[in-house]
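Chains as they are written, first to last, in our numbering: chain A, 134 to 506; chain B, 429 to 835.
Here's the structure we're looking at; comments come further down.
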Amino acid sequence: MVSGMDSGSENISEPSGPGMSAIYFDGTSSRRHAVTLAFKDQLDINADQNRLATWSYTDIRRADSPSGTLRLSCLTAPALARLEIRDAAVAAELTARCSELDANLPGRRGVAAIVGWSLAAAISIVAMVWFGVPLAAERLTPLVPPALERRLGDVAEGQVRILFGNKTCTNAPGRAAFNKLVNEIREAAGMDGAIQTAVLSTPIPNAFALPGGKVYLFDGLLAKAENPDEIAGVLAHELGHLKHRDNTRNLIYNGGTSFLIGLLFGDVTGSGALIFASRSLVTASYSREAEQNADTFSIDVMHRLGRSPKAMGELLFRVTGKQVDNSLSVLSNHPLTEERLKRMSDEDRPPSGPPLLTAAEWASLKAICTSGK
Amino acid sequence: MNQMSSVPLHPPPVPGLVSFSGDRGEFRGLVIRGAGLELVTFGFYRFWLATDIRRHLWSNTLIDGHAAEYTGRAKELLFGFLFAIAILLPIYLAYFMVGVEVERAKAFASLPLFLFFYLFGQFAIYRARRYRLTRTVWCGVRFWMSGSGLAYAGRAALWGVLALITLGLALPWREAALERYKMRHTYYGDLQGSFAGTGWEFFKRGWGLWLFFMTSFIVLFVITPLTKYFPALKPLSIIVGLFAFLVPLAAPFLYAMFKAIEWRWWLSGIRFGDVRLESALSESALMSLYWKVIGWFLLISVLFSAYLFACAALIAGINHTPMTKLFTQSGLQGGIPMLVALVIGYLALILAMNVVMRVYLLRDVWARVIASTTVYRLEAAANVAAKGELANALGEGFADGLDVAGF
Numbered sequence: 134m135v136s137g138m139d140s141g142s143e144n145i146s147e148p149s150g151p152g153m154s155a156i157y158f159d160g161t162s163s164r165r166h167a168v169t170l171a172f173k174d175q176l177d178i179n180a181d182q183n184r185l186a187t188w189s190y191t192d193i194r195r196a197d198s199p200s201g202t203l204r205l206s207c208l209t210a211p212a213l214a215r216l217e218i219r220d221a222a223v224a225a226e227l228t229a230r231c232s233e234l235d236a237n238l239p240g241r242r243g244v245a246a247i248v249g250w251s252l253a254a255a256i257s258i259v260a261m262v263w264f265g266v267p268l269a270a271e272r273l274t275p276l277v278p279p280a281l282e283r284r285l286g287d288v289a290e291g292q293v294r295i296l297f298g299n300k301t302c303t304n305a306p307g308r309a310a311f312n313k314l315v316n317e318i319r320e321a322a323g324m325d326g327a328i329q330t331a332v333l334s335t336p337i338p339n340a341f342a343l344p345g346g347k348v349y350l351f352d353g354l355l356a357k358a359e360n361p362d363e364i365a366g367v368l369a370h371e372l373g374h375l376k377h378r379d380n381t382r383n384l385i386y387n388g389g390t391s392f393l394i395g396l397l398f399g400d401v402t403g404s405g406a407l408i409f410a411s412r413s414l415v416t417a418s419y420s421r422e423a424e425q426n427a428d429t430f431s432i433d434v435m436h437r438l439g440r441s442p443k444a445m446g447e448l449l450f451r452v453t454g455k456q457v458d459n460s461l462s463v464l465s466n467h468p469l470t471e472e473r474l475k476r477m478s479d480e481d482r483p484p485s486g487p488p489l490l491t492a493a494e495w496a497s498l499k500a501i502c503t504s505g506k
Numbered sequence: 429m430n431q432m433s434s435v436p437l438h439p440p441p442v443p444g445l446v447s448f449s450g451d452r453g454e455f456r457g458l459v460i461r462g463a464g465l466e467l468v469t470f471g472f473y474r475f476w477l478a479t480d481i482r483r484h485l486w487s488n489t490l491i492d493g494h495a496a497e498y499t500g501r502a503k504e505l506l507f508g509f510l511f512a513i514a515i516l517l518p519i520y521l522a523y524f525m526v527g528v529e530v531e532r533a534k535a536f537a538s539l540p541l542f543l544f545f546y547l548f549g550q551f552a553i554y555r556a557r558r559y560r561l562t563r564t565v566w567c568g569v570r571f572w573m574s575g576s577g578l579a580y581a582g583r584a585a586l587w588g589v590l591a592l593i594t595l596g597l598a599l600p601w602r603e604a605a606l607e608r609y610k611m612r613h614t615y616y617g618d619l620q621g622s623f624a625g626t627g628w629e630f631f632k633r634g635w636g637l638w639l640f641f642m643t644s645f646i647v648l649f650v651i652t653p654l655t656k657y658f659p660a661l662k663p664l665s666i667i668v669g670l671f672a673f674l675v676p677l678a679a680p681f682l683y684a685m686f687k688a689i690e691w692r693w694w695l696s697g698i699r700f701g702d703v704r705l706e707s708a709l710s711e712s713a714l715m716s717l718y719w720k721v722i723g724w725f726l727l728i729s730v731l732f733s734a735y736l737f738a739c740a741a742l743i744a745g746i747n748h749t750p751m752t753k754l755f756t757q758s759g760l761q762g763g764i765p766m767l768v769a770l771v772i773g774y775l776a777l778i779l780a781m782n783v784v785m786r787v788y789l790l791r792d793v794w795a796r797v798i799a800s801t802t803v804y805r806l807e808a809a810a811n812v813a814a815k816g817e818l819a820n821a822l823g824e825g826f827a828d829g830l831d832v833a834g835f
């Protein structure tokens, strides 16, 4: 043992151990108490003949301190009562007596527990993204009221119009031909009249559907089309998305997914989620399955009209052949065009119905965006 | 430590001295280990790492020979975060609904709704400060805070508008007003804090920086387009070129200068009763740190590129595909191994940069700022009665969730 370490008040020293000095804060004020320690059955903290506190060794815990200082707290004392010991020998003596000194530290097992629980949480989130969110989107989509869907569509429409230059083509004969084509498809598809359609003047070869029954055809796609059946197939495909409410399902799916991913990495503002969700409306990127279903729908409608579904496949092939890398295109995220063309060619039947548009109507539809300029 | 038994027990601490005793290697080890654990826990370890970092910084900050102590625990942060999510989810849904209605009226009109999240972020900053402060203990007495997070958020927003209108000129006064509000509601035991720094003082030290910033902005973003339309202004393009060359070089110096001025002004304004802080941080004190960070970032980026190249070469060697194909978009989409290598490399890059930032911009800045500080009339805090309740970590959770940070 070290001797002669006590500065004054030797008379408190007991046979069980020498008095040793330290600084004590009682947790009720910031006053510094210069104290002597007496190691008895319990730790006595004394100042000027008075016993300030008695700490049981098993209740003493280590508190954070810089190196060279041992700082202690006690479970039964006020929460912020602290004992500061700078003397290494006293510190060693106390450390030896306090068996539970480091019981609060997390240690190796604590870290393993954090890693284990984090992995469990991550696996659970991934499982939710993989299985839970698609299921939720599937179940929730029919519950979304059509009114809300229309509102979402209005929002997306506003953004689309700004993104693509807000140039609706209004050439009257073209418009009439377009309406005729849409109506024929709509009736064959068995959908009600609440569908708004428009041709936008933009060179991008694209077409897409917005929630609440809006279908947009871009002039760029029209320019690449060689006959009305090709455009009819694409429009029927988009109506398929509307009928299956793929937009709404997508919105729920993307919103839920990005929220959960954000949960994992700490961004729960939803700012990310919101961007993802609204982007999904505009770019209309659906799952491969949704695309196949929409293709099936289109093939079905074309059969009902007595026209060949092969035309749409040919149009798509013509477009992808030249524009492989267009992220905004209706063609991205789609099944491979060759596969689709093959599928539609397999469904090819000789035309049994009348042509959808007369040659004159087709010509005016092709020219729908010309007179406005 | 045994040699200490022969020296006087309590070496008399230098009066008023504030010092930092943390070991740099220990901190580096702490953040490197923390970054590794963040990687394997998908980021969930951030609560434990933040707590460990604070415990290290606090407990090595000595005022008058007595170290401060951080008593917050990671589980509090975790629960705060989980509660914050539970509260943010409906807010976020409501935000979405309101956004839909507004967008219906006019496309992209919902952007001002970000204001709402700005306010909410300021609220979170205030509440997070309250949490940290009530976990800060010195001499057995904790700091605490009163005041209202909403009142603070309102002030922050109004001053923010003013700063925006005045092109940043009002920024010093904004900071002073917000600091006054925060410090007026800050207590050490029953000792009330206050803030004596004024906006004018801050402005006096920093106006040169503002002038340089505005000049560069005008030259680069106003004059440059003008020279295109008015050939008469062509000679000015030499100035433009000079600025385009100068600004990136000067920016780290100037930002470090700004931070140093801000730290010094802030610390020198802090009062608790009669206790007064004074900082002597020089304007150049933090410059080397920012340049070191830039150097490390460059090095890490080079390593990252080399890693990507090596991975591509390896995969190309295995698959017998030409290298050029791997870097096309379809190559990246098709090649799962390349994608995995890319993700791993990217995460390592982010974590390495985090380690660098934490060592230089957190620990080293802290150490230099602390070393510059002196406390006067500390005897006024010698017998302060403990007071104040612990605040919950919800604010920290919001701040984490909203990705905002404040002091």
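Glycine residues also receive a C-beta, built at the ideal position from the N, C-alpha and C atoms.
ask   = If you count every other CB in all the chains shown that lies within 10 Å of the CB of residue 662(B), and 16 or more means buried, which is it?
value = Burial call: exposed.
Going by CA-CA distance only, name the one from 201(A), 200(A), 211(A) that's closest to residue 185(A).
Ranking 201(A), 200(A), 211(A) by CA distance to the CA of residue 185(A) puts 211(A) first.
- Task: Could you work out which residues of chain A lie near residue 476(B), taking near to mean beta carbons separated by less than 7 Å?
- Result: Result: 247.
Note the first and the last residue of the continuous alpha helix (DSSP H) segment covering residue 636(B). Per DSSP, residue 636(B) belongs to the alpha helix (DSSP H) from 627-646.
The beta strand (DSSP E) with residue 177(A) in it runs from where to where? Counting along the chain, the beta strand (DSSP E) containing residue 177(A) begins and ends at 176-180.
Output the residue ranges of the beta strand (DSSP E) runs that lie fully inside the segment 476-534 of chain B and measure 3 residues or longer, sorted by chain position.
Here the runs fully enclosed are 489-491.
- Taking DSSP as the reference, what is the three-state secondary structure of residue 807(B)? Three-state result, residue 807(B): helix.
With DSSP collapsed to three states, give me the class of residue 154(A). Strand, per DSSP.
(Q) Below 8 Å on the Cβ atoms is my contact criterion, and I expect residue 617(B) with residue 569(B) to pass it. Report the Cβ-Cβ distance as a whole number of Å. (A) With a Cβ gap of about 4 Å, residue 617(B) and residue 569(B) count as contacting.
Could you tell me whether the segment 349-364 of chain A touches the segment 442-450 of chain A, where touching means 3 or more Cβ pairs closer than 8 Å? Between the segment 349-364 of chain A and the segment 442-450 of chain A, the count of C-beta pairs closer than 8 Å reaches three or more; the two stretches touch.
Apart from the five residues on each side of it in sequence, which residues of its chain come closer than 6 Å, Cβ to Cβ, to residue 480(A)? 432, 442.
> By Cβ distance, which residues of its chain are closer than 7 Å to residue 494(B), with the 5 residues on each side in sequence left out?
Replying inline: Answer for residue 494(B): 566, 567, listed in chain order.
Local Cβ density within 10 Å of residue 572(B), reported as buried at 16 or more and exposed below that | Classification of residue 572(B): buried, given that the 10 Å Cβ count is 16 or more.
**Prompt:** For residue 621(B), which residues does DSSP report across the bridge?
**Reply:** DSSP output for residue 621(B) lists 700(B) as bridge partner(s).
Exercise for review: Tell me where the beta strand (DSSP E) around residue 193(A) begins and ends.
Suggested key: 193-196 is the span of the beta strand (DSSP E), which, as asked, contains residue 193(A).
Next on the checklist: Could you tell me the alpha carbon to alpha carbon distance between residue 485(B) and residue 794(B), rounded to whole angstroms?
Outcome noted: Approximately 8 Å, taken between the alpha carbons.
> For residue 794(B) and chain A, any beta-carbon pair shorter than 9 Å?
Replying inline: Not one chain A Cβ lies under 9 Å of residue 794(B).
I need the boundaries of the alpha helix (DSSP H) containing residue 497(A), first residue and last residue. For residue 497(A), the enclosing alpha helix (DSSP H) begins and ends at 492-499.
Exercise for review: Could you tell me whether the Cβ atoms of residue 637(B) and residue 689(B) are closer together than 9 Å?
Suggested key: Cβ distance < 9 Å, so residue 637(B) and residue 689(B) count as in contact.
Starting from residue 454(B), trace the alpha helix (DSSP H) in both directions and tell me its first and last residue. For residue 454(B), the enclosing alpha helix (DSSP H) has its first and last residue at 452-468.
Is there a Cβ of chain A sitting closer than 9 Å to that of residue 594(B), yes or no? Any Cβ of chain A closer than 9 Å to the Cβ of residue 594(B) would place that residue at the interface, and such an atom is absent.
Item checked: Same chain, Cβ closer than 7 Å to residue 691(B), five either side skipped, listed in chain order -> Counting only Cβ-Cβ distances below 7 Å, and skipping sequence neighbours, we find 707, 709, 797.
Looking at chain B, is there any beta carbon in it that lies within less than 9 Å of the beta carbon of residue 199(A)? So, interface residue.
(message) What does the alpha-carbon distance come out to for the pair residue 156(A) and residue 542(B)?
(response) Residue 156(A) and residue 542(B) have their alpha carbons spaced roughly 52 Å apart.
When burial is assigned at 16 or more other CB atoms within 10 Å of the CB, is residue 685(B) buried or exposed? Counting the other CB atoms within 10 Å of its CB gives residue 685(B) a total of 16 or more, which places it among the buried residues.
What is the DSSP secondary structure of residue 436(A), counted as helix, strand or coil?
Here residue 436(A) sits in helix by DSSP.
Margin query: Could you check whether residue 179(A) and residue 169(A) sit closer than 9 Å to each other, using their CB atoms as the reference points?
Written below: With respect to the 9 Å criterion, residue 169(A) and residue 179(A) are classified as neighbours on the basis of their beta carbons.
- Within 10 angstroms of its Cβ, does residue 272(A) collect 16 or more other Cβ (buried), or is it exposed? Counting of Cβ neighbours within 10 angstroms places residue 272(A) among the exposed residues, the total staying below 16.
Notebook entry, point to check: Shortest alpha-carbon distance to residue 447(B) belongs to which of 619(B), 792(B), 821(B), 828(B)?
Noted result: Ranking 619(B), 792(B), 821(B), 828(B) by CA distance to the CA of residue 447(B) puts 792(B) first.
*Between which two residues does the alpha helix (DSSP H) carrying residue 477(A) extend?*
For residue 477(A), the enclosing alpha helix (DSSP H) has its first and last residue at 470-479.
Legend entry - Short CB-CB distance (under 9 Å) between residue 332(A) and chain B: Put simply, the CB of residue 332(A) is far from chain B, with every gap to its CB atoms at 9 Å or more.
If you measure between the beta carbons of residue 604(B) and residue 697(B), is that distance less than 9 Å? Contact: yes.
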